[in-house]
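A.B. asks: Residue numbers (the UniProt record's numbering): 1 to 279. Heads up, the beta-carbon is just placed ideally off N, CA and C, and yes, glycines get one too.
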Amino acid sequence: MIEFINICVLGRVTPESVIFSFGTVLLDLLSGKHIPPSHALDMIRGKNILLLMDSHLEGHFSSEEATVVFDLASQCLQYEPRERPNTKDLVTTLAPLQNKPDVPSYVMLGIPKHGEGPPTPQQPLSPMGDACSRMDLTAIHQILVMTHYKDDEGTNELSFQEWTQQMRDMLEARKRGDVAFRDKEFKTAIDCYSQFIDVGTMVSPTVYARRSLCYLLCDQPDAALRDAMQAQCVYPDWSTAFYMQAVALAKLDMQKDAADMLNEAAALEEKRQRGGRGS
Numbered sequence: 001m002i003e004f005i006n007i008c009v010l011g012r013v014t015p016e017s018v019i020f021s022f023g024t025v026l027l028d029l030l031s032g033k034h035i036p037p038s039h040a041l042d043m044i045r046g047k048n049i050l051l052l053m054d055s056h057l058e059g060h061f062s063s064e065e066a067t068v069v070f071d072l073a074s075q076c077l078q079y080e081p082r083e084r085p086n087t088k089d090l091v092t093t094l095a096p097l098q099n100k101p102d103v104p105s106y107v108m109l110g111i112p113k114h115g116e117g118p119p120t121p122q123q124p125l126s127p128m129g130d131a132c133s134r135m136d137l138t139a140i141h142q143i144l145v146m147t148h149y150k151d152d153e154g155t156n157e158l159s160f161q162e163w164t165q166q167m168r169d170m171l172e173a174r175k176r177g178d179v180a181f182r183d184k185e186f187k188t189a190i191d192c193y194s195q196f197i198d199v200g201t202m203v204s205p206t207v208y209a210r211r212s213l214c215y216l217l218c219d220q221p222d223a224a225l226r227d228a229m230q231a232q233c234v235y236p237d238w239s240t241a242f243y244m245q246a247v248a249l250a251k252l253d254m255q256k257d258a259a260d261m262l263n264e265a266a267a268l269e270e271k272r273q274r275g276g277r278g279s
């Protein structure tokens, strides 16, 4: 829970939190279901590993290999960060288990080497959905400029006492970021939006979405994906956050995940149009 708060609420990504997240991914892959991290260690402890393992993996791994990976997952999920392995330890443990070291991961996963856009959902797409399906970053930029901050309504309620000089400076940084974003000075926009975010007094899903696009235009899809996920943490049902994740995932050649995210975004947007908040 602490690591979830660090990543999604406070926006802190540390080596320890990355290892913790990797542990949750390992456990999800091995068990075939999502197990809350708070319950994971209790489930692993004292259980027959083969009973926990996804039946689809039977025959692909020996019980010894499965035990090694489950043990590694439990180490990653330790409550105390100092008790978790580091990246070098992960590689040292997992490398001997790789039985096809010469086959690229995108071949094993059936992913095209050079990603195109995610497959288009079945339902008609909005302008934002269409732009994201085509990975048209210029069109996405135009839409975000036109949308401005209308989707941030209700995400921040500030009292009179909070209008400090620091607050005014923070809003000025956002304003400079908006000007740079409008003028397509994306590196400057990243710097200004980062100043706004780092203060932490206000959280704005729109700022995260805008900085996500800036990162995409600066060829930094990993950072773009993190910001799109942050936007979702702030505003869980906001379709724009899902659309931006879809584009970032496609840029990272994760086509199936990108397609799933695009479909989810389109469904959220359709739900909103039938009567709800989101865009």
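Helix, strand or coil: which one does DSSP assign to Val9?
C.D. replies: Low confidence applies here, because Val9 scores a pLDDT of 41, under 50, leaving its location unreliable; read the following figure in that light. Three-state result, Val9: helix.
A.B. asks: From Glu157 to Met202, what does the alpha carbon distance come to, in whole angstroms?
C.D. replies: Here the model assigns Glu157 a pLDDT of 47, short of 50, so the residue's position is not dependable, and the following value carries that caveat. Spanning the two alpha carbons is a distance of roughly 9 Å.
A.B. asks: Taking the C-alpha atoms as reference points, what is the distance between His141 and Tyr215?
C.D. replies: In a straight line, the C-alpha of His141 is about 12 Å away from that of Tyr215.
A.B. asks: Excluding the five sequence neighbours on either side, which residues of its own chain have a C-beta within less than 6 Å of the C-beta of Phe186, listed in chain order?
C.D. replies: If we look at Phe186 and ignore the five residues flanking it on each side, its Cβ neighbours are Cys214, Leu217, Cys218.
A.B. asks: Where do the N-terminal and C-terminal ends of the alpha helix (DSSP H) with Asn99 fall, by residue?
C.D. replies: It is not in any alpha helix (DSSP H) - Asn99 carries neither H nor E in the DSSP assignment.
A.B. asks: Nearest-angstrom Cα distance between Val207 and Glu172?
C.D. replies: The straight-line gap from Cα to Cα measures roughly 13 Å.
A.B. asks: Run through DSSP, which three-state label would Glu264 get?
C.D. replies: Looking at Glu264 - three-state DSSP - the assignment turns out to be helix.
A.B. asks: Do Ala139 and Asp151 have their beta-carbon atoms positioned less than 9 Å apart in this structure?
C.D. replies: Going by C-beta atoms, Asp151 is not nearer than 9 Å to Ala139.
A.B. asks: Which whole-angstrom value is the C-beta distance of Leu77 and Phe20, which I expect to be below 8 Å?
C.D. replies: Contact holds; Cβ gap of about 6 Å.
A.B. asks: Tell me which same chain residues have a C-beta within less than 6 Å of the C-beta of Val209, skipping the five on either side of it?
C.D. replies: According to the sequence shown, residue 209 is Ala rather than Val. Contacts found: Ala231, Thr240, Met244.
A.B. asks: How close, in whole Å, do the beta carbons of Ala246 and Cys132 come, if the pair is a contact with beta carbons under 8 Å?
C.D. replies: Going by Cβ atoms, the distance from Ala246 to Cys132 rounds to 5 Å, so yes, they are a contact pair.
A.B. asks: Name the DSSP beta bridge partners of Glu58, please?
C.D. replies: Glu58 is bridged to Phe61.
A.B. asks: Spatial neighbours of Asp227 within its chain, please: C-beta separation below 8 Å, excluding the five flanking residues on both sides.
C.D. replies: Within the same chain, Asp227 has close Cβ partners Tyr208, Ala209, Arg211, Ser212, Tyr215, Met244.
A.B. asks: Please report how far the alpha carbon of Ser127 lies from the alpha carbon of Ala250, in whole angstroms.
C.D. replies: In the sequence as displayed, the identity of residue 127 is Pro instead of Ser. Each residue's Cα considered, the two are about 18 Å apart.
A.B. asks: Report the three-state DSSP secondary structure of Glu269 (helix, strand or coil).
C.D. replies: The answer is helix: DSSP assigns Glu269 an H, G or I state.
A.B. asks: Where does Leu249 sit, in a helix, a strand or coil, going by DSSP?
C.D. replies: Helix, per DSSP.
A.B. asks: Rounded to the nearest angstrom, what separates Ala223 and Gly200 at their Cα positions?
C.D. replies: Spanning the two alpha carbons is a distance of roughly 18 Å.
A.B. asks: Which class does Gln232 belong to by DSSP, given the choice of helix, strand or coil?
C.D. replies: Residue state, collapsed to three classes: helix.
A.B. asks: Starting from Tyr79 and walking both ways along the alpha helix (DSSP H), at which residues does that stretch end?
C.D. replies: Taken as a continuous stretch (DSSP letters only), Tyr79 belongs to no alpha helix (DSSP H), as it is neither H nor E.
A.B. asks: Between the Cα of Ser17 and the Cα atoms of Val69, Leu27, Phe61, Arg84, which residue gives the shortest distance?
C.D. replies: Ranking the options by Cα distance to Ser17, first place goes to Arg84.
A.B. asks: In whole angstroms, what is the alpha-carbon distance linking Ser159 and Met170?
C.D. replies: The predicted model places Ser159 with a pLDDT of 46, which falls under 50 and marks its position as unreliable; any figure quoted below should be read in that light. Answer to the nearest angstrom: the Cα atoms are 16 Å apart.
A.B. asks: Compute the Euclidean distance between the alpha carbons of Glu65 and Leu97, then round it to the nearest angstrom.
C.D. replies: Approximately 7 Å, taken between the alpha carbons.
A.B. asks: List the endpoints of the continuous alpha helix (DSSP H) containing residue 281.
C.D. replies: Coverage of the chain is limited to positions 1 through 279, which leaves residue 281 absent and any answer about it impossible.
A.B. asks: Where does His141 sit, in a helix, a strand or coil, going by DSSP?
C.D. replies: Three-state result, His141: helix.
A.B. asks: Can you find the residues in the same chain that come closer than 7 Å, C-beta to C-beta, to Asp54, ignoring five residues on each side of it along the sequence?
C.D. replies: If we look at Asp54 and ignore the five residues flanking it on each side, its Cβ neighbours are Leu30, Ser31, Gly32.
A.B. asks: May I ask you to report which of helix, strand or coil DSSP gives Asp136?
C.D. replies: Note: Asp136 maps to coil in three-state DSSP.
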